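Q: Sharing a structure here in structure tokens format.
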Amino acid sequence: QRGHPERIRVLLSERRFGGRRNFVRTLQACQGEYVALLDGDDYWTSTDKLQSQVDFLDSRRDYAIVFHDALVVYEDGERGSHRYCEPDQPQTSSMIDLLRGNFIPACSTMFRRSGEKVPEWLHESLFGDWPLHILNARRGKIGYSNKVMGVYRIHGGGLSHSWTNEQYFAGTATILAHVRDELDASYEPVLRGTLSRLWLDVFFPTDQLDHHLLAPAKMQAALEHWPSKFPLEGLQRRQLLAAACVRVARASIRAGDRLQAGAWLMRAMQYDYASVRRWGFWSLAAKACAGRRPAEWLRRGARHAVHVSKSRWDSR
7 QRGHPERIRV
17 LLSERRFGGR
27 RNFVRTLQAC
37 QGEYVALLDG
47 DDYWTSTDKL
57 QSQVDFLDSR
67 RDYAIVFHDA
77 LVVYEDGERG
87 SHRYCEPDQP
97 QTSSMIDLLR
107 GNFIPACSTM
117 FRRSGEKVPE
127 WLHESLFGDW
137 PLHILNARRG
147 KIGYSNKVMG
157 VYRIHGGGLS
167 HSWTNEQYFA
177 GTATILAHVR
187 DELDASYEPV
197 LRGTLSRLWL
207 DVFFPTDQLD
217 HHLLAPAKMQ
227 AALEHWPSKF
237 PLEGLQRRQL
247 LAAACVRVAR
257 ASIRAGDRLQ
267 AGAWLMRAMQ
277 YDYASVRRWG
287 FWSLAAKACA
297 GRRPAEWLRR
307 GARHAVHVSK
317 SRWDSR
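With our numbering applied, the sequence shown corresponds to residues 7 to 322, in that order.
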């Protein structure tokens, strides 16, 4: 700061703000035309990263955000490094794309400073970068470069490692509820879709399901975590439970238990018959009835599902 007071300002404080409030405090102290984010755990690897992003935004006034790919590095060394972004990440995205999930590495972002006050709820949000990106994307498009210009570090001391699945889901649901309040009602279906996928991923992760331990009561217990700010109507609730049943059926097929898979597919149909047109239902059904005629599979699966129904697996 002494050497470059026109470029560097140190924000001093006599008290601790906490990570999120300090993040918001720093944002509000920014004075330049553009803002670039860099968390303490991460670092940039390109000397022309900032200039290239400034040039991009200078020449494209209809863009509000630009970001690039980053290398994900696991500090424990148990997993190999890999790129953060998907190979098919579009060069241009919109706010609706962001509402479906965060695809922006925090260390890669540059956006136009709006001058608007940061919403108070961001002070207490579980994480700050994703909702901030959504708020910024209201003002323009999102540009992407597939060049790796930063490193995103993951280690056991990170804040996200201290969250339980339930805390992560609840915190994300709260963020989406606040975001909904900032937008008009037309975005409600997109937000509900995002929340539904997250609920399935958190409580019924496809790569970790043990189909033998999944009693139907677990679904009802998982449903209790659904946020009251996004009330579920009857059909929406049944569709959500049907999707969970299909996930368990998929896990059953991987475990070689085709009879169990058939029973879960039957339950999915009982919750929502339209599920036969979603989630690769008939592909799963073909695997579940392998070696048996479809009619036989349907009868056996139905009997098994009815048996579980008598055990009050459906508390509707």
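Virtual Cβ for every residue (Gly too), placed ideally from N, Cα, C.
On a predicted model such as this, the values are computed, not experimentally measured, just so you know.
For the beta strand (DSSP E) containing Gly149, list its first residue and its last residue.
A: Per DSSP, Gly149 belongs to the beta strand (DSSP E) from Lys147 to Ile160.
Q: Measuring only the C-alpha atoms, how far is Glu130 from Leu44?
A: Straight-line Cα distance between these residues: approximately 20 Å.
Q: Report yes or no: do the segment 59-66 and the segment 125-142 share at least 3 C-beta pairs separated by less than 8 Å?
A: No, the segment 59-66 does not touch the segment 125-142.
Q: Between Val252 and Phe287, which are expected to be in contact by the criterion C-beta below 8 Å, what is the C-beta distance as a whole number of angstroms?
A: 7 Å between Cβ atoms; contact.
Q: Run through DSSP, which three-state label would Ser234 get?
A: Three-state DSSP puts Ser234 in coil, outside helix and strand.
Q: Quick one: residues in its chain with C-beta nearer than 7 Å to the C-beta of Arg119, no 5 flanking neighbours on either side, listed in chain order?
A: Within the same chain, Arg119 has close Cβ partners Cys36, Gly38, Glu39, Tyr40 and Val41.
Q: Please tell me whether Leu104 and Ala143 are closer than 8 Å, where the distance is taken between their beta carbons.
A: Yes.
Q: Inspect the beta-carbon positions of Ser281 and Ala274 and report whether they are closer than 8 Å.
A: Contact flag set, yes.
Q: Using CA atoms only, rank isn't needed, just tell me which of Gly199, Pro11, Ile148 and Tyr158 is closest to Phe117.
A: The residue with the shortest Cα to Cα distance from Phe117 is Ile148.
Q: Quick check on Ala261: does DSSP put it in helix, strand or coil?
A: In this structure, Ala261 counts as coil in the three-state DSSP scheme.
Q: How long is the line joining the alpha carbons of Pro111 and Leu265, rounded to whole angstroms?
A: Going from the Cα of Pro111 to the Cα of Leu265 covers about 43 Å.
Q: Excluding the five sequence neighbours on either side, which residues of its own chain have a C-beta within less than 8 Å of the C-beta of Leu197, listed in chain order?
A: Around Leu197: Leu105, Leu182, Val185, Arg186 and Phe236.
Q: Residues in its own chain within less than 8 Å of Gln95 by CB, not counting five upstream and five downstream?
A: Asp75, Phe109, Tyr150 and Asn152.
Q: Could you check if Gly107 is buried or exposed, using at least 16 other CB atoms within 10 Å of its CB as the buried criterion?
A: Label assigned to Gly107: exposed.
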